[in-house]
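Notes to accompany the following structure.
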Amino acid sequence: MSRTRKLIAAGCLCAAMTIGSTAYAMPGATSLVTVTPKTTAAASSNITEEKQDIKETGAVAGGAAALTVASKVSVATGTSGNDTGSTDKGQNSKDIKNTSDASQSQPAENTTNAADQPGTEAEPETVPVAEPSPYADVAVSRVGNDEDYVNIRDAASTEGEIVGKIYNNSAATIEETVEAEDGTWYKIHSGSVDGYIKADYFVTGDEAEALAIQIGKMFGYVEEGGLRVRTEPNTESEVITKLYSGETYTVLEEKDGFVKLSLGDDENGEAITGYVAEQYVDVYVKFDKAISLEEEKAKIEEEKRRAAEAQAAEEAAKKAEAAEAQSSTRSAVVAYAKQFIGNPYVWGGSSLTNGTDCSGFTKGVMAHFGVSISRTSRSQAGDGYQVSVNSVEPGDLIFYASGGSIYHVAIYIGGGKIVHAIDEAHGIGISSMYFTTPYCAVDVLG
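In mature numbering (1 follows the signal peptide of the UniProt record, and there is no 0), the protein residues as written are -25 to -1, 1 to 421.
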């Protein structure tokens, strides 16, 4: 099957999955170019996998952190075999290569040159054609000025009208090269913007590919379940877990046909990493994109609105906290938490206004009321004391688990509902507490 490497212009690059790579990145992910580095063969077999405890990474995206939701592209298929009589999804293709080489070798019985034989013509020698660089039409901006951006114009001239801006380390597709009096210009497409920029502000080809590794945020999408994660980049090392279809993780490096993934933190807050076979993970890169003048104006206005709402929420929460006694603290917690509905989800984030993940949200809300809890959902389940899910009160923490391993946390607000940092697509919002079966509940307010 063909595995593609796709560069995606990520507007909301907040760590790994979203506001914050640049101050002017806009929401939305736009496909820039598909890069197909190689073709691999994927074996497929059935496997029943246990749910594992990596869910809290929040990586859709990233998130990393927190990037916008990226479109899934050309994902390699295949599942790992059973441990007995089978190989990992990262199986060695050496035997396949050797068989291929052997099948193509011919006996050297007749060494007579065909050109020397009467009535025959020597066939022309085939000259291999070098494949063009998959980054040939991809440009990465290298601005290097005090303003950290360059204007995009409607013509290949500094006299052209400004239609947008592209900030440093953003990606664009080159549609045309124009030779003008003052030098070379590119006609580019990035985000919603089409226009012209001098070639001096971009790098392309091999240089763009090298730069992509440095500045782009790499992610790996798992198409099929049962993919083994190992401690080292080989099929002999220990298996630490298995991945499930549809999960996305941050890629830390590519090595010897394997990719190293970030799988979140353990109960002690230590980072969990592991290796999987590269051909069974769809690896793609996210960049920032250009921004139109209209989008920039809307972004600035949105930032002002969020800042005003956050300030109002802070003031309202302080008044509520001062006016109410301890018996009303729970109501104040709920009111304060609900002030941040609509704000973005960012994997690994901790800002209630600019982006946070589920445990960062609960920790931030509780910290506002002087209650200190742990950073991860699994650790927070050990804070305070457990209460029955059937008798929860507003302000209690509700936890969700897979296979007995906690991966998500929310704040109960009453009426069978919760407020929580859901995911990149939904941000902070309200859901039924039974959107999936609750695992346990904890009272950290006392």
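Don't be surprised by glycine CBs; every beta carbon is placed ideally from N, CA and C.
Below 8 Å on the Cβ atoms is my guess for residue i versus residue j; work out the distance and round it to an integer in Å.
i	j	result
residue 145	residue 165	7 Å
residue 370	residue 321	Wrong, their Cβ atoms sit about 24 Å apart, outside the cutoff.
residue 217	residue 201	6 Å
residue 271	residue 173	Actually they do not touch by this definition, with Cβ atoms about 20 Å apart.
residue 417	residue 358	6 Å
residue 236	residue 224	4 Å
residue 215	residue 170	Rounded, the Cβ-Cβ distance is 48 Å, inconsistent with contact.
residue 204	residue 234	No, residue 204 and residue 234 are not in contact; Cβ-Cβ is about 10 Å, not under 8 Å.
residue 227	residue 248	6 Å
Taking its Cβ as the centre, do 16 or more other Cβ atoms sit within 10 Å of residue i, making it buried, or is it exposed?
i	result
residue 366	exposed
residue 311	buried
residue 183	buried
residue 91	Only weak support exists for where residue 91 lies, its pLDDT of 45 falling under 50; the value from the coordinates is given anyway. It counts as exposed.
residue 152	exposed
residue 112	buried
residue 243	exposed
residue 398	buried
residue 230	exposed
residue 157	exposed
residue 407	exposed
residue 275	exposed
residue 84	At residue 84, the pLDDT of 36 sits below 50, so the modelled position is not reliable and the matter cannot be decided from this model.
residue 355	buried
residue 290	exposed
residue 363	exposed
residue 136	exposed
residue 195	buried
residue 351	buried
residue 378	exposed
residue 56	For residue 56, the predicted structure reports a pLDDT of 34, less than 50, and the residue's modelled location is therefore unreliable. A value from the coordinates is still provided. Burial call: buried.
residue 360	exposed
residue 54	Legend: pLDDT at residue 54 = 30, less than 50; position of this residue unreliable, value from coordinates given subsequently. Looking at its Cβ environment, which holds 16 or more other Cβ atoms inside 10 Å, residue 54 is buried.
residue 396	buried
residue 282	exposed
residue 273	exposed
residue 155	exposed
residue 14	Any answer about residue 14 is weak, because its pLDDT of 32 lies below 50 and its placement is not dependable; what the coordinates show is given next. Exposed, since its Cβ has fewer than 16 Cβ neighbours within 10 Å.
residue 253	buried
Looking only at its own chain, which residues have a Cβ that is under 8 Å from the Cβ of residue i, when we skip the five neighbours before and after it?
i	result
residue 411	375
residue 313	388, 394 and 405
residue 117	143, 144, 176, 177, 178 and 186
residue 304	296, 344, 370 and 420
residue 288	311, 314 and 315
residue 401	320
residue 392	405, 406, 407 and 408
Which residues in the same chain have their Cβ closer than 6 Å to the Cβ of residue i, if we skip the five residues on either side of it in sequence?
i	result
residue 147	114, 163 and 165
residue 327	315 and 339
residue 160	131, 153, 171 and 173
residue 133	none
residue 138	127, 129 and 170
residue 213	206
For the beta strand (DSSP E) containing residue i, name the first residue and the last one.
i	result
residue 387	380 to 389
residue 256	256 to 262
residue 227	223 to 230
residue 117	Premise fails: residue 117 is in no beta strand (DSSP E) and is neither H nor E.
residue 126	124 to 128
residue 151	146 to 155
residue 348	Unbroken run through residue 348: none, as it is neither H nor E.
residue 420	Counting along the chain, residue 420 falls outside any beta strand (DSSP E), and DSSP gives it neither H nor E.
residue 193	192 to 197
residue 407	402 to 407
residue 169	168 to 173
residue 398	392 to 398
residue 133	No beta strand (DSSP E) holds residue 133; DSSP gives it neither H nor E.
residue 265	Unbroken run through residue 265: none, as it is neither H nor E.
residue 163	158 to 165
residue 216	214 to 218
residue 247	246 to 252
The alpha helix (DSSP H) with residue i in it runs from where to where?
i	result
residue 343	333 to 343
residue 312	304 to 313
residue 237	No alpha helix (DSSP H) contains residue 237, which is instead part of the beta strand (DSSP E) from 233 to 240.
residue 352	352 to 355
Near residue i, what residues of its chain come up, given a Cβ to Cβ distance below 7 Å and the 5 sequence neighbours on each side ignored?
i	result
residue 246	237 and 240
residue 208	230, 231, 233 and 250
residue 317	402 and 403
residue 341	348 and 419
residue 346	419 and 420
Any C-beta of chain D sitting closer than 9 Å to the C-beta of residue i?
i	result
residue 410	Given the protein chain composition of this structure (a single chain), no chain D is represented.
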